[in-house]
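Participant: Mapping of the sequence shown onto mature numbering (1 follows the signal peptide of the UniProt record, and there is no 0): residues -21 to -1, 1 to 237, in sequence order. Idealized CB from N, CA, C, for every residue including glycine.
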Amino acid sequence: MIRFFVVACISLVLHATAARAETNPALIAECFDAEPRYYMEGIKVKGLGIELLQYISSKASRKITYRDEITPLARAENNLLAGDIDIILGIGKTPARAQNYVIGESLFEQSTMAVVRKNDTTTFKTLKDFVDLGDRGVVLGVRSASVTTALKSVPGLVVDDAANNIEQALEKLVAERGRVAIYNNVNTPFVMKKPQFAGQLKVADLDFSLASSLVVTPQYIMFSKKVSPETVAEINGIIAKGKENGDIGKILAKYDIK
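1. So what's Asn163 in DSSP terms, helix, strand or just coil?
2. Quick check: Val95 and Arg158, are their CB atoms within less than 9 angstroms of each other?
3. Which residue marks the beginning of the beta strand (DSSP E) containing Lys25, and which one marks its end?
4. Near residue 321, what residues of its chain come up, given a Cβ to Cβ distance below 6 angstroms and the 5 sequence neighbours on each side ignored?
5. Could you tell me whether the Cβ atoms of Leu189 and Val133 are closer together than 9 angstroms?
6. So what's Pro208 in DSSP terms, helix, strand or just coil?
7. For Ala232, does the count of other Cβ atoms within 10 angstroms reach 16, so buried, or fall short, so exposed?
8. Should the region 185 to 204 be regarded as contacting the region 87 to 94, the criterion being three or more beta carbon pairs within less than 8 angstroms?
9. Just verifying my parser: in three-state terms, what is the DSSP assignment at Ser85?
10. Comparing alpha-carbon positions, which option in Asn98, Ile161, Lys204 lies nearest Gly83?
11. Roughly how many angstroms separate the alpha carbons of residue 268 and Ile227, rounded to a whole number?
12. What is the DSSP secondary structure of Lys222, counted as helix, strand or coil?
13. Residues bridged to Met19 by DSSP?
14. Using a Cβ distance threshold of 8 angstroms, determine whether the region 168 to 185 contacts the region 54 to 70, with at least three qualifying pairs required.
15. So Asn143 and Pro74 are supposed to be a Cβ contact under 8 angstroms. How far apart are they, rounded?
16. If we ignore side chains and look at the alpha-carbon of each, how far apart do Tyr57 and Pro174 end up?
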C-alpha cells in the first residue's frame, strides 16, 4: 500500500509538471549574426546576447531557449514576423520593426561609427562628403540593421547593404569595394581586432547629423505579435528592474558597454 501511495504521488507530480510545461511553454529566441552579441565558441553560441537571455530566463515564468547556431539578421527577423520564434534581443527601432513586432524594453545604447582604409588620405567630416563622391563614395552597411536603414534615408547617399554582418562589410572595404563602412560602436571594434584587419583600417570621425537617428540608437528586445501581452509585460519588467538594480549593467560592463 505504501509503495502504491508513493508511486501515485510521483505520478501526480509528473503530471502537474507536464501540465505546467504545456500551459507555459518556453519562449524561443534566435541568435543573429552580430559579434559580440552572439558568436560561436566551438559548438556553443556565446556572447552578450546569450548572457542577457540567460539572465531574463532565470527570472521569468516562461524560460527562454535558443539553438546553438548563428542566423543572418534578415532571416531572424523573417522568423520573428512569421511567429516561428518569439524574441530577438538587441536590435534598434525602425519604422518597419515598429509595425511588424512588439518593441519591448531597451537594454543598452550604442553609437554609430565609421571605418575607412588606413591608406585613405582623404579627410571625411560628414556624410555629405560621401554623397558628393557619388559612386566613388559607396557606404558599406549591414543588411536589415537599423543603422543601414537610417543611412538609406540620406538623399544621394549610395549604400551597399549586401553584407550579412560587419565582418563581411569590412572585408569589402579592405578589398576597395566601398569607401567607408558604417555600423555601431559595439560590434565594429570587436570585429576590427580580427587578424585579417590588422593594420588595414582606421576610425573616421564623422558628423552624422544628416541622419539624427544615427547619433545614439537604443537597442531593444523585440517580440513576435503572437507573444501574450502578459509575457511581454513580465519580461519588460525584469529588464527594467535589472537595469535599475545594476544586474544588467554588470553584464554590459564585460563587453565595455556603459
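Facilitator: In terms of the structure at hand:
1. strand
2. yes
3. 23 to 25
4. Here the chain covers residues -21 to 237 and nothing more, so residue 321 does not appear.
5. yes
6. helix
7. exposed
8. yes
9. strand
10. Lys204
11. Residue 268 falls outside the range modelled here, since the chain spans only -21 to 237, and no answer is possible.
12. helix
13. Val24
14. no
15. About 22 angstroms; that fails the 8 angstroms criterion.
16. What sits at residue 57 in the sequence shown is Asn, not Tyr. Answer to the nearest angstrom: the Cα atoms are 33 angstroms apart.
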